[in-house]
Structures are given as structure tokens and as C-alpha cells.
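So in UniProt numbering, spot 4 of the sequence shown is number 4, and the numbers just go up one at a time.
Ideal Cβ placement from N, Cα and C applies to all residues, glycine included.
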Amino acid sequence: MADTIRTSGQIGPVLKRLRKNKGWSQLELGRCIGLSQERVSVIENHPERIAIDQLLTVLMALHAELRIQPRDTLEADAPAAIPREPW
């Protein structure tokens, strides 16, 4: 199943679901990629604090990938506000 993610806040629940689908605890995922359980918790609960290389490492461990593509034609034709998150 593909997930559409448009804000950093949407990343955490997807990562958590992927982890649970593998039957892994946060500790098990952390051990797999060399992170503490606490860091995995921060990644899932505050994904705005994750570096892209760490996100890609987590995705590789979960056998998932990041795919970037243009929005479909219908959405691209409609004017939309771009959600902004605080820096």
C-alpha cells in the first residue's frame, strides 16, 4: 500500500505501521539500524526532527522506499495552499 505524505507529521504513523507490520518493537528496529529505542520513539513521534539520511536508513530496514513524484493532474490543476510547518 502506498502512502501519500505531504507534511512531516504524517511520516511517524507510517513508520510505526511499517514497523508493527514486521512485528518489531522500537527496540528491535533500533538494534537493526544502530539506534536506541528512545531515538526510534522520537522518530515516530516527532518526525520533523529526523535527518533525511536517518529516514532512508529506517525505510531500508523496514523494506520500504521513499518515492517522490508530481501530484496527479487533477490535483495539479487546482490551486492549493502548500501546508507550511514551522522551521
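In terms of Cα proximity to residue 49, the closest of 5, 12, 4 and 1 is 12. For residue 38, the uninterrupted alpha helix (DSSP H) run begins and ends at 37-45, by DSSP. The Cβ-Cβ distance between residue 40 and residue 29 falls below 8 Å. Cα atoms of residue 44 and residue 71: separation of roughly 25 Å, rounded to the nearest angstrom. A distance below 8 Å between beta-carbons, with the five flanking residues on each side excluded, links residue 3 to the following residues of its chain, in chain order: 10 and 14.
Within the same chain, 65 and 66 come within 7 Å of residue 59 by CB-CB distance, once the 5 residues on both sides are set aside. Shown here, residue 16 sits in a helix according to DSSP, grouped into three states. Boundaries cannot be given for residue 23, as no alpha helix (DSSP H) includes it and DSSP labels it neither H nor E.
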